[in-house]
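Protein chains in written order, with this note's numbering: chain R, 1 to 539; chain D, 1 to 351. By construction, the Cβ of each residue, glycine as well, lies at the ideal position given by its N, Cα and C atoms. Computed from a predicted model, the values in this text were never measured in an experiment.
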Amino acid sequence: MRQFTEFKARCAPGKLPGAILSPGHSLANYSHTDSDNGGANLNEKPNSDLLRASVSARLDESMDALRTILNAPRNEDAIFREYSAGNLRVCAVYIEGMADETKIGEFVLHALKAGGGAEDGAPPEERLRRSMLEIAQLSEVTEYAEAVQMILSGMTCLLADGAGEALMLETRNYPHRGVEKPTNELVVNGPQEAFNEHLRTNITLLRRYVQSPELICEKLYVGTGVPTQVALVYMRGVASEELVAEAKRRLMCIQSPTVMGAGEVQQLIEDRPFSLLPQMLQTERPDRAASCLTDGQIAILVENSPYALIAPATFFHLIHASDDSFLRWQYASAIRIIRVLGLLISLMLPALYIAMSVFHNQLIPMALLTSIAESRANVPFPIVVEVLFMEFSFYLLNEAGLRTPTQIGSAFGIVGALILGQTAVSASVISPILIIIIALTGLGNYVIPNYELGVGLILYRLMLIAFSAALGLYGLMIGMFLIVLHLCSIRSFGVEFFAPMSPRRRHNPDLLLRLPVWMQKRALFYAKRDSWLHQEARA
Amino acid sequence: MRTRIPGRSEALPTIVAAMIMRMYWGLSLDFQYPLNAAWMCPLVGLAIYLPFAFALRQASLIGDSSPWENLAARVPAPVMGLTAAGFAALLIYDAAAAAGLTAISSNILALDDVSPLLLLIPLALVVFCAVRTGACALGDSARLWLRMLPLFSVIILLVQLGNYKLGWITPILGGGIADILSGGIYCAGCMALTSLLWLLALPDRHKGGLLPWAALAAAVTSAVMFSQQMLIPTMTRTDFTIAARIDLILNNGRMTLSPQIVLDVLWFGNMLHLISAEVVAAAEYLRTILPKLPIAPLAAACALAVCGVSAASGAWVKSDPLIVLNLFAVLGAALALLLLTALLGKRGARA
Numbered sequence: 001m002r003q004f005t006e007f008k009a010r011c012a013p014g015k016l017p018g019a020i021l022s023p024g025h026s027l028a029n030y031s032h033t034d035s036d037n038g039g040a041n042l043n044e045k046p047n048s049d050l051l052r053a054s055v056s057a058r059l060d061e062s063m064d065a066l067r068t069i070l071n072a073p074r075n076e077d078a079i080f081r082e083y084s085a086g087n088l089r090v091c092a093v094y095i096e097g098m099a100d101e102t103k104i105g106e107f108v109l110h111a112l113k114a115g116g117g118a119e120d121g122a123p124p125e126e127r128l129r130r131s132m133l134e135i136a137q138l139s140e141v142t143e144y145a146e147a148v149q150m151i152l153s154g155m156t157c158l159l160a161d162g163a164g165e166a167l168m169l170e171t172r173n174y175p176h177r178g179v180e181k182p183t184n185e186l187v188v189n190g191p192q193e194a195f196n197e198h199l200r201t202n203i204t205l206l207r208r209y210v211q212s213p214e215l216i217c218e219k220l221y222v223g224t225g226v227p228t229q230v231a232l233v234y235m236r237g238v239a240s241e242e243l244v245a246e247a248k249r250r251l252m253c254i255q256s257p258t259v260m261g262a263g264e265v266q267q268l269i270e271d272r273p274f275s276l277l278p279q280m281l282q283t284e285r286p287d288r289a290a291s292c293l294t295d296g297q298i299a300i301l302v303e304n305s306p307y308a309l310i311a312p313a314t315f316f317h318l319i320h321a322s323d324d325s326f327l328r329w330q331y332a333s334a335i336r337i338i339r340v341l342g343l344l345i346s347l348m349l350p351a352l353y354i355a356m357s358v359f360h361n362q363l364i365p366m367a368l369l370t371s372i373a374e375s376r377a378n379v380p381f382p383i384v385v386e387v388l389f390m391e392f393s394f395y396l397l398n399e400a401g402l403r404t405p406t407q408i409g410s411a412f413g414i415v416g417a418l419i420l421g422q423t424a425v426s427a428s429v430i431s432p433i434l435i436i437i438i439a440l441t442g443l444g445n446y447v448i449p450n451y452e453l454g455v456g457l458i459l460y461r462l463m464l465i466a467f468s469a470a471l472g473l474y475g476l477m478i479g480m481f482l483i484v485l486h487l488c489s490i491r492s493f494g495v496e497f498f499a500p501m502s503p504r505r506r507h508n509p510d511l512l513l514r515l516p517v518w519m520q521k522r523a524l525f526y527a528k529r530d531s532w533l534h535q536e537a538r539a
Numbered sequence: 001m002r003t004r005i006p007g008r009s010e011a012l013p014t015i016v017a018a019m020i021m022r023m024y025w026g027l028s029l030d031f032q033y034p035l036n037a038a039w040m041c042p043l044v045g046l047a048i049y050l051p052f053a054f055a056l057r058q059a060s061l062i063g064d065s066s067p068w069e070n071l072a073a074r075v076p077a078p079v080m081g082l083t084a085a086g087f088a089a090l091l092i093y094d095a096a097a098a099a100g101l102t103a104i105s106s107n108i109l110a111l112d113d114v115s116p117l118l119l120l121i122p123l124a125l126v127v128f129c130a131v132r133t134g135a136c137a138l139g140d141s142a143r144l145w146l147r148m149l150p151l152f153s154v155i156i157l158l159v160q161l162g163n164y165k166l167g168w169i170t171p172i173l174g175g176g177i178a179d180i181l182s183g184g185i186y187c188a189g190c191m192a193l194t195s196l197l198w199l200l201a202l203p204d205r206h207k208g209g210l211l212p213w214a215a216l217a218a219a220v221t222s223a224v225m226f227s228q229q230m231l232i233p234t235m236t237r238t239d240f241t242i243a244a245r246i247d248l249i250l251n252n253g254r255m256t257l258s259p260q261i262v263l264d265v266l267w268f269g270n271m272l273h274l275i276s277a278e279v280v281a282a283a284e285y286l287r288t289i290l291p292k293l294p295i296a297p298l299a300a301a302c303a304l305a306v307c308g309v310s311a312a313s314g315a316w317v318k319s320d321p322l323i324v325l326n327l328f329a330v331l332g333a334a335l336a337l338l339l340l341t342a343l344l345g346k347r348g349a350r351a
C-alpha cells in the first residue's frame, strides 16, 4: 500500500490532535494554543478550568461543580438526586430522558438502600462498586470533564461523600429508531436490516454478523466543541495495521468544532475532498459492512448516523451491490454487466448523441438519421440546449420527489410523464428521441448502487456534454481521458481508485464478473498479508 | 500533488501504448516507402531495437535504483543534464507532431470550420493535466486503455470480416528490402523514443524487462498494419497529403463507415495516450535537471511547448522522416555513451 502522502498536508505538523477523546483522555485537554493562529487561545469553552479539575472528595463541592458545568438548575434536564445509604451520602446525577430512571431507581437507589448498612472500612467508592450497586457496567472517572461527557451520553454519575472518584453507571436508555429495512440499498435475496442512528445498536449489528473475538471496536470522540462519538471497527489480524493507524490518525486530525454525521466525517478525512467521486463507501447495510470487515477494510460508525463508512474504497466497491454475493454467480455476473453498461450509458449517452447528431452525422444509419431530422424539424433549439433542458428537468423532478411528502410523491411520476414528456414533445420544445435518450440515461444512473457515485456521474456527464457539444467525438474522448486520468490519480487511504485492475494487485475473481464463491479464497491486496482469516480459508 | 517517479509496472503500459501508436501513425502517415510491406517494419524494427533494449537492461543492472539514477551516480552531472535536455527536447518535438496530427484529424472528422491551431488548445489542457497528475496515474490509465483495446479490435475485425482482401498485401516486399529496412529503422527509432520513460522507472514488483512487452507492441502494430493493408490498398501517389491519408484511415478506406466510431475512439484514445506519455517523460527528464521546479509551472511550460512547437509549423508538424530515421542512431548513441561512461567510471573508481 502506498504512503498516505496526500492527507498529511491537511493535518499541519506540530498541531496537537484534534477533538479526540478516548476513555482515558479528558475533554479539558484541548488547552493548547493554535500557533498558526498567532497564538490565539482556543480555550473558549465555558468552565474549562472546572472541567480540568479532579472530582472532589467532598460531595457538596462535587455537586456544585457539576451544577455549574451542567447549568443546573436553569438546565432542568440535569437531575441531581441526593440519597443517604446508612451514613454514606451519595448523589446521582443524570440527564432526564437520556438515562433509564427505572434502572436508577431499582439497581442504584434501591440497591444502595439494601446494602447501605455494611461498613468494612473500605473507601466509599470501593464499597459502592463491590457490594452495594447492582448495575452491570460501572467505571470510575477522576475528572469532571469525563464525567460530564458520560452524563451527557446517558450514563449516571454517582458521587459519594469521601470518594475521590465518580462512579459512572451504564443507564443509557433514550428513544431511538429500531432496526428497520434498508431504504437505499434494497436487495431481493438477503438480510433486510439496516443501521440506525444509535451507535450501540449499530455496533451490535456488526457483532452479530462477525462473531469473532478479533473484531475490535475502538471508540473515539470527534468535534472540538461538541464531541460526537465515533467507533472505529476492524478485524485484528485481517486489516492492515497501517490502515488502522492511518484511520485513527485522520480522525484525530479533525479540527471541526462539530461533526454532525458520517457524511461530515467522510468529508473531513477522505483523501481528495475536491474530487467528484467519493473515496469512502457509505453503506446502511450491516451485512455489507461485515463483509468489508472480513475483507480487511475498516468501518467507521458515527453516533446519530445510520451509515457506516468503509475504507479503503475503490471504484469496484462503489459499483458492487450487496446481493451480488447472495445470488448465484451466473446471475450476479450478468447483473453486474448490466450495471456497468448502465453506468457507461449514464455517463456517455447524451454526449455521444450530441457528438453524432451535430458533428458526425455520417456515423448514424440513414433511416435513423432521417427519423431524427424529421423529429427535430420543428424544434427551435439546438440539440445541446434540448439535452441540458431535459437533464435539468429530470433531476428537478428527482430532487422534488425526494423532498415531498410521501402522499403526493407519486404524483410526480404523472407530472413528469405527462407534462415534461408528452407536452414538451407536443409543443416542439424537445424531440421524441431525446426522451428515450434521457430515460435511458436516468435508468443507467439508477442502476448504480452507490448514491454518491450516481451524483458524481451526473456532474461528469455534464462535463462530457460540454466537451462533445464543443468538439464532437474529439471532445468526448478528451473529456473521458481527463476523467479517467483524474480517477487514476485518486487514492483511498493509500489504495488506488481503480485497483486491483489498474494497477494490478492480487484479488479474487470478483471485479466485473463474480465467479463462484469457492474461488474467492485470496486475501485482498489491502488486507494484511497471510491474515489468519484467509490462511484458514486456503487450508 | 507532485509528479511521482513511476515504478516499472506503471511505466510499462504507458510505454507499450505509446509504442504501438507511434509506430502505427508513423508507418501509416509519415513513412510510407515500404508500401504493402509496412506490416513487416515493426518486426524488423524490433530486431534493430534489441541492442537498445540490452543497453537499457544493463543500465538497470548497474545499480539498485532506476537506470537513470544508476547512470547519474557514475556519469558527470553536466553530461547527464545535457542528455536529459536532449531527450526532453526530442520528446516534446515528437509530442508536438502527434498533437498537430490530432488537431488535423479532428479537423477532418468534424470540425472543418475550425482552425487546427485552435484545436491545439484542448490538447494543451490534456498535456497540463497529464503532467500534473503524474506518470503513475498515466500508467494506470494506459493499463485500463490497453485492456479495452482487444475489445475494440474484435469489434472492428468482426464488422469488417467480409471486406478483407488478401491480394492487397502483394507484392509481399512492397517497396523493396531497402525500404523495409528503412522502415525498420524508423520503427526502432519510435520504440527507442517511447521507451525513454523506462530509464526513469524505479524497480518494483515487475521483475521482467521491457523487451517482451516491446515485442508485444511490435507484434500488435504489425497485425494492425497487416489488417489495414488488407482493407486499404496502398497508394503510391507522392502528392498525397497527410490530411488525405488521415482521412483514408479514419474513414476506413473504401469500406463501410459502420466501424468508424470505434476507429475514431481508438485513434483519439491512442493519440492522447501517446502525447501524454511523451510529455510526461519529457517533464520527468526536465525535473532531473531542475528538481525544485514546481509541478504546475512545469506542466504549463510543457503544454505551451507542445502547442507552440506544433503551431509554429502551422499545425502541420510532421515528424521529419530524416529526423526519425536518425532518431534511433541518436538515442542509441546517447545511451551507449552514458553506459560506457558509467562502466568506465566504475572501473576508474576501482583503480
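Inset, instruction - Check K219/R in the structure and name its three-state DSSP category. - result: strand
Legend entry - Cut-off 6 angstroms between Cβ atoms - residues of its own chain near M519/R, not counting five sequence neighbours on either side: Closer than 6 angstroms at Cβ, skipping near neighbours: P509.
Inset, instruction - Name, going along the chain, the residues of the segment 5-26 of chain D whose beta-carbon falls closer than 9 angstroms to a beta-carbon of chain R. - result: G7, S9, E10, P13
Inset, instruction - Pick out whichever of G444/R, G237/R, T204/R, E165/R has its Cα sitting closest to the Cα of S531/R. - result: G237/R
Inset, instruction - Using a Cβ cut-off of 8 angstroms, pull out every chain D residue sitting near G472/R, in sequence order please. - result: Within chain D, the residues near G472/R are S106, L109, A110, L111.
Inset, instruction - Please compile the residues from chain D whose C-beta is within a distance smaller than 7 angstroms of the C-beta of H317/R. - result: The premise fails here: H317/R is roughly 17 angstroms from chain D at the closest Cβ pair, so nothing lies under 7 angstroms.
Legend entry - Alpha-carbon spacing of V484/R relative to I490/R, whole angstroms: Distance between V484/R and I490/R, taken at the CA atoms: about 10 angstroms.
Inset, instruction - Give the single residue among A130/D, W68/D, I275/D, T236/D whose Cα lies nearest to the Cα of L298/D. - result: A130/D
Inset, instruction - Would you mind telling me which residues of chain R sit closer than 7 angstroms to D140/D, beta carbon to beta carbon, in chain order? - result: C488, E496, F498, S502, P503
Inset, instruction - Establish whether the CB of P122/D and some CB of chain R are separated by less than 9 angstroms. - result: yes
Legend entry - Counterpart residues of S492/R in DSSP-defined beta bridges: DSSP output for S492/R lists V495/R as bridge partner(s).
Inset, instruction - Flag this pair as yes or no: are the beta carbons of F80/R and R89/R separated by less than 9 angstroms? - result: no
Inset, instruction - List the residues of chain D whose Cβ lies closer than 7 angstroms to the Cβ of L477/R, in chain order. - result: Note that residue 477/R is Met in the sequence shown, not Leu. Going along chain D in sequence order, the residues near M477/R (Cβ under 7 angstroms) are V265, F268, G269, L272.
Inset, instruction - Could you tell me if L341/R is buried or exposed, where buried requires 16 or more neighbouring beta carbons within 10 angstroms of its beta carbon? - result: By the 10 Å Cβ count, L341/R comes out exposed.
Inset, instruction - Pick helix, strand or coil for C609/R, following the three-state DSSP scheme. - result: This structure cannot speak to residue 609/R, because chain R is shown only from 1 to 539.
Legend entry - chain D contacts from the segment 359-392 of chain R (Cβ-Cβ distance under 9 angstroms): F359, H360, Q362, L363, P365
Legend entry - chain R residues whose Cβ lies nearer than 9 angstroms to that of V126/D: I478, F481, L482, L485
Inset, instruction - Spell out whether any CB of chain R is found under 9 angstroms from the CB atom of A315/D. - result: Residue confidence is low: A315/D scores 44 on pLDDT, short of 50, so the model does not pin down where it sits. No coordinate-derived value is stated.
Legend entry - Meets three-Cβ-pair contact criterion under 8 angstroms: the segment 102-113 of chain D and the segment 466-475 of chain R: By the Cβ test, the segment 102-113 of chain D is in contact with the segment 466-475 of chain R, since at least three Cβ pairs between them sit closer than 8 angstroms.
Legend entry - is_contact[M1/D, chain R] using C-beta, thresh 9 angstroms: For M1/D, the predicted model reports a pLDDT of 36, less than 50, meaning its position is unreliable; a value from the coordinates is still stated below. Yes, its Cβ sits closer than 9 angstroms to a Cβ of chain R.
Inset, instruction - Give a yes or no on whether the C-beta atoms belonging to A136/R and E170/R are separated by under 9 angstroms. - result: yes
Inset, instruction - Please report the residue range of the alpha helix (DSSP H) in which M148/D lies. - result: In the DSSP annotation of this structure, the continuous segment of the alpha helix (DSSP H) that includes M148/D starts and ends at 135-159.
Inset, instruction - Can you grab the Cα-Cα spacing for the pair L46/D / I177/D, in whole Å? - result: 16 angstroms
Inset, instruction - Give me the Cα-Cα distance between S212/R and A290/R, rounded to the nearest whole angstrom. - result: 11 angstroms
Legend entry - Inter-residue Cα distance where the pair is A142/D and S325/R: A straight line joining the alpha-carbon of A142/D with that of S325/R spans about 31 angstroms.
Legend entry - Nearest candidate by alpha-carbon position, reference N398/R, set G442/R, V425/R, E140/R: G442/R
Inset, instruction - My understanding is that A321/R touches P449/R, with C-beta atoms under 8 angstroms, so please give their C-beta distance in whole angstroms. - result: Taking 8 angstroms as the upper bound for CB-CB distance, A321/R and P449/R are in contact here, some 4 angstroms apart.
Inset, instruction - Compare the C-alpha of D247/D against each of A218/D, D112/D, L71/D and name the closest. - result: D112/D
Legend entry - Cutoff 9 angstroms: A378/D Cβ touching any chain R Cβ: Outside the shown range of chain D (1 to 351) lies residue 378/D, about which nothing can therefore be said.
Inset, instruction - Give a yes or no on contact between the segment 221-239 of chain D and the segment 78-91 of chain D, applying the rule of three or more CB pairs nearer than 8 angstroms. - result: no
Legend entry - Whole-angstrom distance between F497/R and R522/R, CA atom to CA atom: 20 angstroms
Inset, instruction - Can you give me the Cβ contacts of P73/R inside the same chain, cut-off strictly under 8 angstroms, excluding the 5 residues immediately before and after it? - result: R67
Legend entry - Proximal residues to P34/D (C-beta, below 8 angstroms), its chain only, five neighbours per side dropped: Result list for P34/D: L27, M40, C41, G174, G175, D179, I180, S182, G183, in chain order.
Legend entry - Backbone secondary structure at V259/R - three-state DSSP: coil
Legend entry - Listed by chain order, chain R residues near G208/D by CB distance under 7 angstroms: Chain R residues near G208/D: none, gap ~13 angstroms exceeds 7 angstroms.
Inset, instruction - For the alpha helix (DSSP H) holding A166/R, just list the boundary residues, first then last. - result: Per DSSP, A166/R belongs to no alpha helix (DSSP H); it is in the beta strand (DSSP E), 166-169.
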